[in-house]
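Here the protein sequences line up with chains G and W, keeping their order.
7 is the number that my numbering gives to position 7 of the first sequence; each next residue is one higher, with no gaps.
Basically my numbering = 1-based index in the second sequence + 1000.
Take a look at the structure set out below.
There are 2 protein chains.
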Amino acid sequence: MINGKNLIGFTESAEGDKTFRTFNPKANLENEWQFYEASETEINRAASLASKAFTTYSKISAEKRATFLNSIADEILGLGDTLIEVYMKESGLPEGRAIGERGRTIGQLKMFAELIKTEMWRDSIIDAGNPGREPLPKPDLRQTAIPLGPIVVFGASNFPFAFSTAGGDTASAFAAGCPVIVKSHPMHAGTGEMISRAIVQAAKKTHMPEGVFSNLNSSGIEVGQKLVSHPLVKAVGFTGSLRGGRALYDLAAKRKEPIPVFAEMGSINPVVVTQKALENRGKDIATNYAKSVTLGAGQFCTNPGLILGVASDEMNNFVKELGSKAIEIEAQAMLHPNIYESFHDKATVVMQQQGADIVAEYSQEVNSNFSGAKIVTVSGKDFLENNQLHQEVFGPFSLVVQCSNKAELLQVIQNLEGQLTGTIIAEEEDYSKLEELISALQDRVGRIVFNGVPTGVEVSPAMTHGGPYPASTDSRFTAVGSGAIKRWVRPFSYQDFPKELLPDFLK
Amino acid sequence: MINGKNLIGFTESAEGDKTFRTFNPKANLENEWQFYEASETEINRAASLASKAFTTYSKISAEKRATFLNSIADEILGLGDTLIEVYMKESGLPEGRAIGERGRTIGQLKMFAELIKTEMWRDSIIDAGNPGREPLPKPDLRQTAIPLGPIVVFGASNFPFAFSTAGGDTASAFAAGCPVIVKSHPMHAGTGEMISRAIVQAAKKTHMPEGVFSNLNSSGIEVGQKLVSHPLVKAVGFTGSLRGGRALYDLAAKRKEPIPVFAEMGSINPVVVTQKALENRGKDIATNYAKSVTLGAGQFCTNPGLILGVASDEMNNFVKELGSKAIEIEAQAMLHPNIYESFHDKATVVMQQQGADIVAEYSQEVNSNFSGAKIVTVSGKDFLENNQLHQEVFGPFSLVVQCSNKAELLQVIQNLEGQLTGTIIAEEEDYSKLEELISALQDRVGRIVFNGVPTGVEVSPAMTHGGPYPASTDSRFTAVGSGAIKRWVRPFSYQDFPKELLPDFLK
Chain G
1 MINGKNLIGF TESAEGDKTF RTFNPKANLE NEWQFYEASE TEINRAASLA
51 SKAFTTYSKI SAEKRATFLN SIADEILGLG DTLIEVYMKE SGLPEGRAIG
101 ERGRTIGQLK MFAELIKTEM WRDSIIDAGN PGREPLPKPD LRQTAIPLGP
151 IVVFGASNFP FAFSTAGGDT ASAFAAGCPV IVKSHPMHAG TGEMISRAIV
201 QAAKKTHMPE GVFSNLNSSG IEVGQKLVSH PLVKAVGFTG SLRGGRALYD
251 LAAKRKEPIP VFAEMGSINP VVVTQKALEN RGKDIATNYA KSVTLGAGQF
301 CTNPGLILGV ASDEMNNFVK ELGSKAIEIE AQAMLHPNIY ESFHDKATVV
351 MQQQGADIVA EYSQEVNSNF SGAKIVTVSG KDFLENNQLH QEVFGPFSLV
401 VQCSNKAELL QVIQNLEGQL TGTIIAEEED YSKLEELISA LQDRVGRIVF
451 NGVPTGVEVS PAMTHGGPYP ASTDSRFTAV GSGAIKRWVR PFSYQDFPKE
501 LLPDFLK
Chain W
1001 MINGKNLIGF TESAEGDKTF RTFNPKANLE NEWQFYEASE TEINRAASLA
1051 SKAFTTYSKI SAEKRATFLN SIADEILGLG DTLIEVYMKE SGLPEGRAIG
1101 ERGRTIGQLK MFAELIKTEM WRDSIIDAGN PGREPLPKPD LRQTAIPLGP
1151 IVVFGASNFP FAFSTAGGDT ASAFAAGCPV IVKSHPMHAG TGEMISRAIV
1201 QAAKKTHMPE GVFSNLNSSG IEVGQKLVSH PLVKAVGFTG SLRGGRALYD
1251 LAAKRKEPIP VFAEMGSINP VVVTQKALEN RGKDIATNYA KSVTLGAGQF
1301 CTNPGLILGV ASDEMNNFVK ELGSKAIEIE AQAMLHPNIY ESFHDKATVV
1351 MQQQGADIVA EYSQEVNSNF SGAKIVTVSG KDFLENNQLH QEVFGPFSLV
1401 VQCSNKAELL QVIQNLEGQL TGTIIAEEED YSKLEELISA LQDRVGRIVF
1451 NGVPTGVEVS PAMTHGGPYP ASTDSRFTAV GSGAIKRWVR PFSYQDFPKE
1501 LLPDFLK
């Protein structure tokens, strides 16, 4: 079923001589399929086809694009259990998660199909002319949003469905009228191949131009670099590490024609817990957060990696409770041996810092690539003095910072880098004293969660999944929710156009 | 009245030891005022004050920001004729233009004041929660737009009022809730100083925090570079040359925390004239375009620098008519001897290219720094083969490209760099055959004008003043019209917030 070939438009292709395999972290062995890295010729062919497809795809009706999106959803469902099995073999994630994430992915495709049907998403503005205005006639101006061109999408290792081949970036780009070239994630290239075939199948069935989609394999960075540098590519969507995202951003900025890169690059997601909340429900909060920290082996960009509060007896109890609850939760397979190693290396760095106390560390015997929780605590003072403690530890890890007072807590927030989310756990009696805290958090994050957990990113029109750098490369956009489409369009104005030459929705 | 000092917050400051003067191009002599370049300490002080001001200014009510904007407009008007005289001395532009541009600037300030009053511009979205949803409760999400932080504005030489100190960038940033640091344009530093004092006066009268505005002088590039690299600066607005804009873009992209740069960098603004239009009204079009090419000595970013058509007798007549009408228009002072020289140098380069025919060149005796029109023609083939012919010649210049057929004309458009505008001059009987042309132009420009001239950028909610690179560094935004505010804000979501802690407009 999986043959490891690239999909260049509607054609399977394996011209390159480099191959690689994916890895089953749960079984700790290589998967059976062999993937062919895309060659330079294949990259150029995909880009040319996408550019050619753009001239027609950018202009077909919203209804047809919606049909295409819905058809992709159907084709993905049509892959049935085989897809779920491949997903599990390539990610180590459990079946329930695979099925849930597939549902979310289908939901995103359908949401964008629904969104574009009315053309309202273009935020078109009609400003009628006034030929009699003095001293100069006022022109008739009609502004709408038009697609940018071919988009390159880099999927994330931790969401083989929802933030990858047919994930939010691809769905929003297709919805906007942009062809997509996916640089397949090497950790789930088989899942990517199956989804890619579903997209091509949908494209054929709904009569989309060849080149509206291509899928390129690679295990290294060269294919991605060539794609981002390709003159026919007009924007980039990326979900992954800071190092990866920044490298692509830098490459795009150096082009003769620079192009926008929206990279969502993770976050430590500060959570602030008030004294009153700890007094009233410290145990419950600890139980909830033990679950949030270990959910999906902590492999979420919104994982609560940093919990902040003012030192007190209740805080001390909370930390202990969080630690003991977290290590009660069974260890889970991480996505890949590399991710497993990186988790332990980075956690070790934090644990070795001045003043860092290990609260609890999962210590039961585990299979290779399985990790349980690690909870560490440190004082506000030590945290402020040491940037090593501010780094993301991707995995089931959280650092609890115990500040000496509210002023220090605010200072800690002000010294954080940009984040996707911030969370406030507070009681009603705290509300009148939260202004400064909300203001400080708002300055650093894209979304504030109140009395909840940051994990779980609702696909809603009002969602912001992005934030000040390094949470994303451009805080003016979101990667999740219907607003994600705005990354791939630009405003365009028709001045004094004859009605018959305007698009229908501007007449 | 003009003392040449920087304005750092509310304080005049002249700590630097470098000074410079502005130049009166009409009289061909230096102006009397001496300006002090901002020192590094002054730059840092302006940035710190702006960052501090942001914490309060970003949160004051829309009504108060609107009062501030309207008060700036009043203070500028209060400067009376002296301001107009200084403007003329520093730009060589005539009184009528100065008064007109002041009106436009006042209009922009008032438009943004009006825009923000209702909070509608934030495009807020309220997506109510559903605690009973299965399998997971749906959170209550409310998204709005919040300001980015301190903005640095670089004004344009050719619009000392409307695209400079209190121009569209500054007005839209203030409206969004962002403090502004202006890097004053060295060619009109006196005009900039007067306007800056008006802004500070308005800030004091309306109780804005110190640092909401600063104005820094410099004749070179160092002050601007330091500002763009300053960690407390969060975005940049620029109007000017490709070289200048790209240098700032590159600098911003290299920062530890990259920041958005919206640079509007000019354009040659292709105009396509159909055979039918030439047959029916070739003379009128020539007369209109002779005026558009020479308006303001051609010193507009929307100057029609490129006119395209298919070769014919009528085309030949049109070219001759355009040339003879254009050189009938009196020569005008250019903004500065450097701009005068650059105009003649760049026009000469084009005129010396293979196949370039000089149609008409203004040849009456003129004062120093005065220029009349130059009209040049070339074949489509020569144009396609020679990139030197694609470069902007800033001044009263236009290149008419005579293509051998429609296919070649389309090819010429497809080979152009990104442009602010494209124009189509056509007759009703052409309409049914324009699809390909519109599509090709749309791909290269931010606005298409039908049967008009590209000069004259209406300040309208539906205006797009921007376009694919190098017209601007990010085609997803506009520099003119109410949409300009979107450059300075980011989406932000409140999740499950208690009503009492939400901003009023999200309750």
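A virtual CB, placed ideally from N, CA and C, is assigned to each residue, including glycine.
7 Å Cβ shell around residue i - same chain, five flanking residues per side excluded
| i | result |
| --- | --- |
| I1116 of chain W | A1062, R1065, A1066, A1175 |
| V393 of chain G | G305, F343, K346, A347, V350 |
| R97 of chain G | G296 |
| A440 of chain G | L410, I413, Q414 |
Short Cβ contact (8 Å threshold) for residue i with residue j
| i | j | result |
| --- | --- | --- |
| A1462 of chain W | I485 of chain G | no |
| G9 of chain G | G211 of chain G | yes |
| E1042 of chain W | L1251 of chain W | no |
| T191 of chain G | Y87 of chain G | yes |
| I1375 of chain W | V1412 of chain W | no |
| G323 of chain G | V359 of chain G | yes |
| T239 of chain G | F154 of chain G | yes |
| M334 of chain G | N303 of chain G | no |
| L437 of chain G | I424 of chain G | yes |
| Q1495 of chain W | D1140 of chain W | yes |
| V233 of chain G | V152 of chain G | yes |
| I1002 of chain W | E1193 of chain W | yes |
| G1372 of chain W | I1327 of chain W | yes |
Same chain, Cβ closer than 6 Å to residue i, five either side skipped, listed in chain order
| i | result |
| --- | --- |
| S1482 of chain W | L1115, P1461 |
| S472 of chain G | E264, G466 |
| I329 of chain G | T294 |
Amino acids of chain G, ordered along the chain, whose beta-carbon sits closer than 7 Å to that of residue i
| i | result |
| --- | --- |
| D1127 of chain W | S460, P461, A462 |
| Q1495 of chain W | R447, I448, V449, F450, G452 |
| I1146 of chain W | Q442 |
| L1069 of chain W | Ordered by position in chain G, no residue passes the 7 Å Cβ test against L1069 of chain W, which lies about 21 Å from the chain. |
Beta carbon proximity, residue i to chain G, threshold 8 Å
| i | result |
| --- | --- |
| K1138 of chain W | yes |
| V1212 of chain W | no |
| I1072 of chain W | no |
| F1262 of chain W | no |
| P1491 of chain W | yes |
| P1498 of chain W | yes |
| R1512 of chain W | Only positions 1001 to 1507 of chain W appear in this structure, which leaves residue 1512 of chain W out of reach. |
| L1501 of chain W | yes |
| L1242 of chain W | no |
Closer than 8 Å to chain W by CB, residue i
| i | result |
| --- | --- |
| Y431 of chain G | yes |
| D313 of chain G | no |
| A253 of chain G | yes |
| P304 of chain G | no |
| L416 of chain G | no |
| L49 of chain G | no |
Interface partners of residue i on chain B, CB under 9 Å
| i | result |
| --- | --- |
| G456 of chain G | The chain inventory of the structure shown lacks chain B, comprising the protein chains G and W. |
Chain-ordered neighbours of residue i on chain G, where CB pairs are closer than 9 Å
| i | result |
| --- | --- |
| S1439 of chain W | T55, S58, K59 |
Close-in-space but distant-in-sequence residues of the same chain around residue i (CB under 8 Å, 5 per side omitted)
| i | result |
| --- | --- |
| S1219 of chain W | K1018, F1020, F1035, E1037, P1186 |
| P1131 of chain W | P1137, K1138 |
Proximal residues of chain W, C-beta to C-beta of residue i below 9 Å
| i | result |
| --- | --- |
| P258 of chain G | R1246, Y1249, D1250, A1253, Y1469, T1473, D1474 |
Partner residues on chain W for residue i, Cβ-Cβ distance less than 7 Å
| i | result |
| --- | --- |
| L434 of chain G | L1501 |
- Query: the region 84 to 105 of chain G: which residues have C-beta closer than 9 Å to a C-beta of chain W, in chain order?
  - Reply: G100
- Select from the region 1165 to 1197 of chain W all residues with a C-beta closer than 9 Å to any C-beta belonging to chain G, and list them in chain order. none
- In the region 1443 to 1454 of chain W, which residues sit with their C-beta less than 7 Å from some C-beta in chain G, listed in chain order? G1446, R1447, I1448, V1449, F1450, N1451, G1452
- Cβ-based contacts, 8 Å cut-off: residues of the region 1212 to 1234 of chain W near chain G: none
- Would you list, in chain order, the members of the region 1289 to 1304 of chain W that have their beta-carbon closer than 7 Å to a beta-carbon of chain G? none
- Members of the region 1466 to 1485 of chain W that neighbour chain G once the beta carbon cut-off is set at 9 Å: G1466, G1467, P1468, Y1469, P1470, T1473, D1474, S1475, R1476, F1477, T1478, G1481, S1482, G1483
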